[in-house]
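Residue numbers (the numbering used here): 67 to 313.
Just so you know, even glycine gets a beta-carbon here, dropped at the ideal spot from N, CA and C.
Please read these numbers as outputs of a predicted model, since none were measured by experiment.
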């Protein structure tokens, strides 16, 4: 599974590979502490960029298995700087950045993930992965108001001939943002009864009636701003204590 990032690293260094295999075994068992301890042994053998990329990826994988997604993403981001050819850390980092509304960073990671499949004869599983990446990119691009590029991504996903469960939701929001009310409402009809229907309906309606602040200027409530600063002044001592305690 990890072939594209695994094979170029620690070439001929069998001691490093033994430690790495042990680390991966511990991580697969969710024994994070032992996995990280073994990785410290691997770290001593790093020579090339390929070694470093693999080390950072496996360290990120360790935190992923531990459920620490911010730390996972930090390490995957570092691994991705070495421009390896393994899709996993690009997609995992992209999804976290997307969740944090860092859409431009997410798009760059999704593009890097798709480049890993460039020129390959895709299996059915790989088609699902690539179609999902295109669909997630379309969501990010919609939020960035890059509508034509978002449409292109959805067309690319559709052209792979596989079904992505979230694609209709993405299309509904995109068409609403483009002002294509009829198309958006037709897709909503198709979504009726699905778990996401209420959320997508509210989003589409707020875009069509121009009250969604992600797409339109919304008048500021001065009273809420004053209330925030009053709360902030009261909360400052707690914030300062947390800063002092490095929390």
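Excluding the 5 residues preceding and the 5 following residue i in the sequence, name in chain order all residues of the same chain whose CB lies nearer than 8 Å to its CB.
| i | result |
| --- | --- |
| residue 17 | The displayed coordinates of the chain run from 67 to 313. Any statement about residue 17 would go beyond what the structure contains. |
| residue 227 | 193 |
| residue 161 | 172, 202 |
| residue 251 | 270 |
Looking at the ligand COA, does it come within less than 7 Å of residue i, judged from the CB to the closest heavy atom?
| i | result |
| --- | --- |
| residue 160 | The model on display carries no ligand, and the ligand COA is accordingly not part of it. |
Going by alpha carbons, who is nearest to residue i out of the options?
| i | options | result |
| --- | --- | --- |
| residue 106 | 81, 115, 94, 96 | 81 |
| residue 102 | 86, 193, 113 | 86 |
| residue 95 | 118, 68, 83, 132 | 132 |
| residue 136 | 92, 159, 149, 147 | 159 |
| residue 114 | 100, 79, 104 | 79 |
| residue 163 | 206, 74, 68 | 206 |
For residue i, count neighbouring C-beta atoms within 10 Å of its own C-beta (all shown protein chains included) and say buried if the count is 16 or more, exposed if not.
| i | result |
| --- | --- |
| residue 305 | exposed |
| residue 216 | buried |
| residue 155 | buried |
| residue 298 | exposed |
| residue 139 | buried |
| residue 167 | exposed |
Could you tell me the distance, in whole angstroms, from the CA atom of residue i to the CA atom of residue j?
| i | j | result |
| --- | --- | --- |
| residue 245 | residue 274 | 7 Å |
| residue 225 | residue 77 | 39 Å |
| residue 301 | residue 295 | 10 Å |
| residue 204 | residue 236 | 7 Å |
| residue 220 | residue 174 | 17 Å |
| residue 242 | residue 260 | 19 Å |
| residue 72 | residue 165 | 28 Å |
| residue 262 | residue 89 | 39 Å |
Sorted by chain position, which residues of the same chain lie with C-beta nearer than 7 Å to residue i's C-beta, five sequence neighbours on each side aside?
| i | result |
| --- | --- |
| residue 230 | 197, 198, 201, 223 |
| residue 209 | 169, 280 |
| residue 112 | 118, 121 |
Got a sec? Which residues, its chain only, sit under 6 Å from residue i by beta carbon, not counting five neighbours each side?
| i | result |
| --- | --- |
| residue 153 | 179, 182 |
| residue 70 | 151, 152 |
Within the stretch 87-169, note down every full alpha helix (DSSP H) run reaching 4 residues or more, in order along the chain. Counting only runs of 4 or more, we get 98-109, 115-132, 135-146, 153-165.
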